[in-house]
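To start, the structure under review is shown below, and the notes come after it.
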Amino acid sequence: MSCVIGGEIVHTQRNFRELLEARWAQGKYLCVGFDPVWSKLPPEITKGVDKDNQQQKACRVYDFCRSLVDRLHEQLACIKPNSAFWEAFGSDGMVALEKFCAYVRTYYPELPIIGDVKRGDIGATNEAYRQSWLHAGFDAVTVHPYLGEEALRPILDSEGLGVFVLCRTSNPGAGEFQDFAMHHPDPNSSVKIPLYQHVARRVASWQERAKASLGLVTGATSPAELAQVRELVGPEMPLLIPGIGTQGGDLDASVAAAGGNFFIINCSSSVLYAYKKRGGHYLDAAEAEVVSVNEGITTARASLAAEEGGERR
176 MSCVIGGEIV
186 HTQRNFRELL
196 EARWAQGKYL
206 CVGFDPVWSK
216 LPPEITKGVD
226 KDNQQQKACR
236 VYDFCRSLVD
246 RLHEQLACIK
256 PNSAFWEAFG
266 SDGMVALEKF
276 CAYVRTYYPE
286 LPIIGDVKRG
296 DIGATNEAYR
306 QSWLHAGFDA
316 VTVHPYLGEE
326 ALRPILDSEG
336 LGVFVLCRTS
346 NPGAGEFQDF
356 AMHHPDPNSS
366 VKIPLYQHVA
376 RRVASWQERA
386 KASLGLVTGA
396 TSPAELAQVR
406 ELVGPEMPLL
416 IPGIGTQGGD
426 LDASVAAAGG
436 NFFIINCSSS
446 VLYAYKKRGG
456 HYLDAAEAEV
466 VSVNEGITTA
476 RASLAAEEGG
486 ERR
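So for the sequence shown, my numbering puts the first residue at 176; every next one is plus one.
See below:
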């Protein structure tokens, strides 16, 4: 295994929604998060590497992720590298991430790439972020809404880009701010609503003015809140659903809450490091985990369709 670090890559912006809908049409709803942690990588990847040599480690991370996407690509809706895990390897890790995305775009152009970056700043900074994402090869990104629509405008105006806004996340402490009860945006209403519902409403309204395709990040660990978000934004806004697997989210409940369509189930460490639980070669273990989750998604969608008295695509 080997990789080459260096060289500049510039990508054209692809249409994320079109790429994703083509995968959905094939019944593919699973995303794998490529979040490499050196201490969790299999021994055959880390063997012989100097622990202080970031370039060597970045190359092995690239090889590991490339081998996984080679094995799994046909079974996935998309992939989602979290940039922080690559940035942990320094500048070599960032270049390795660009090389990985370039590899996927070259050999599996039908597979969309979500850059899990969770960025958000004032407009000029967001424009710089947007340019960096084009270099990285991301078809979609995750952002936070805290600075509002005006600040996100350079991102929202990126034609073809997928933009997933953090709404009701899967981490245990998500409710500290996201569940905060605020006054209803309708001045004639005395009802209070949680902040995450206000975010969902606002993002749905942004879509009318956006050139990007908007979606929301809504965790599988809170299926009741996920269902409320789906009701607020309508049946066709893409929902990116992390928290299945290691975080213990409920797959059946999440698929039902999302309405059985227009969703992406994300699994990261439960796939990348499946060999720790299942044993055997890491590629075989990862594929077995993907097959298992895909079967669960198919079963959940079929059950939901049966309850509704129809068939889903």
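All residues carry an ideal CB built from backbone N, CA and C; glycine is no exception.
It should be emphasised that the depicted structure is a prediction, and the values quoted were computed from it without experimental measurement.
For this session: Count the CB pairs spanning the segment 462-470 and the segment 224-232 that are closer than 8 Å, and state whether there are at least three.
Result: no
Exercise. Does the distance from the C-beta atom of D291 to that of G208 stay below 8 Å?
Worked result: yes
Exercise. Would A375 pass as a contact of V338 if the rule is Cβ separation under 8 Å?
Worked result: no
For this session: Could you tell me the distance, in whole angstroms, from the CA atom of A481 to the CA atom of T473?
Result: 12 Å
Exercise. Which same chain residues, not among the five before or five after P329, have their C-beta less than 7 Å away from its C-beta?
Worked result: G298, N301, E302 and R305
Problem set entry | Y457 burial status per 10 Å Cβ neighbour count (16 or more: buried) | buried
Exercise. What are the residues that DSSP puts in a beta bridge with D291?
Worked result: N257
For this session: Grab me the residues of F191's own chain with a C-beta within less than 7 Å of its C-beta, minus the 5 sequence neighbours each way, in chain order.
Result: P287, D314, A315, G335, L336, G337 and S388
For this session: Return helix, strand or coil for M269, following the three-state DSSP convention.
Result: helix
For this session: Report yes if the CB atom of A277 is closer than 8 Å to the CB atom of C206, and no otherwise.
Result: no
Problem set entry | First and last residue of the uninterrupted alpha helix (DSSP H) at S214 | Note, S214: premise wrong, no alpha helix (DSSP H); not H, not E.
Exercise. What residue from Q250, C234 and L243 has the CA that sits closest to R198's CA?
Worked result: Q250
Exercise. Can you name, in chain order, every residue of its own chain whose Cβ lies under 8 Å from the Cβ of S365, other than the five neighbours on each side?
Worked result: H359
Exercise. How would you call M176, buried or exposed, if buried means at least 16 neighbouring beta carbons within 10 angstroms?
Worked result: Interpretation of M176 is limited by its pLDDT of 38, a score under 50 that renders its predicted location unreliable; no figure is taken from the coordinates.
Exercise. Exposed or buried, what is Q372 when buried is set at 16 or more other beta-carbons lying within 10 Å of its beta-carbon?
Worked result: buried
Problem set entry | Distance CB(E462)-CB(L247) smaller than 8 Å | yes
Exercise. Are the Cβ atoms of V392 and T344 separated by less than 8 Å?
Worked result: yes
Problem set entry | M176 - DSSP class collapsed to helix/strand/coil | A caution first: M176 carries a pLDDT of 38, below 50, which makes its placement in the model too unreliable to give a value.
Exercise. Would the segment 216-224 and the segment 256-271 be scored as touching if the rule is three or more Cβ pairs under 8 Å?
Worked result: no
Exercise. Which of helix, strand or coil does DSSP assign to T281?
Worked result: helix
For this session: Between the Cα of I440 and those of G455, E351 and G424, spot the shortest distance and give me the residue it belongs to.
Result: G424
For this session: Over the uninterrupted beta strand (DSSP E) stretch that includes K452, give me the two end residues.
Result: Here K452 belongs to no beta strand (DSSP E); instead the alpha helix (DSSP H) covers Y450 to R453.
Problem set entry | Whether G418 touches G394 by CB criterion (8 Å) | yes
For this session: Could you say which of V446, L322 and I289 lies nearest to L415 if we only look at CA atoms?
Result: I289
Problem set entry | C-alpha distance - F437 paired with E406, whole-angstrom precision | 13 Å
For this session: Return the chain-ordered list of same chain residues with a C-beta closer than 7 Å to the C-beta of F239, the five sequence neighbours on each side being excluded.
Result: P211, L216 and I220
For this session: Indicate the three-state DSSP secondary structure (helix, strand or coil) for V340 in the structure shown.
Result: strand
Exercise. Does DSSP classify N441 as helix, strand or coil?
Worked result: strand
Exercise. Where A428 and Y237 are concerned, what is the direct C-alpha to C-alpha distance, given to the nearest angstrom?
Worked result: 34 Å
Problem set entry | Short Cβ contact (8 Å threshold) for L331 with K293 | no
For this session: Would you kindly work out how many angstroms separate the C-alpha atoms of A349 and T396, rounded to a whole number?
Result: 10 Å
Exercise. Going by the beta-carbon positions, is the gap between A449 and A433 smaller than 8 Å?
Worked result: no
Exercise. Should L243 and W261 be called a contact, given that it needs their Cβ atoms to be closer than 8 Å?
Worked result: no
For this session: Take K274 as the anchor and find which of G312, S307, E324 and P218 has the nearest alpha-carbon.
Result: G312
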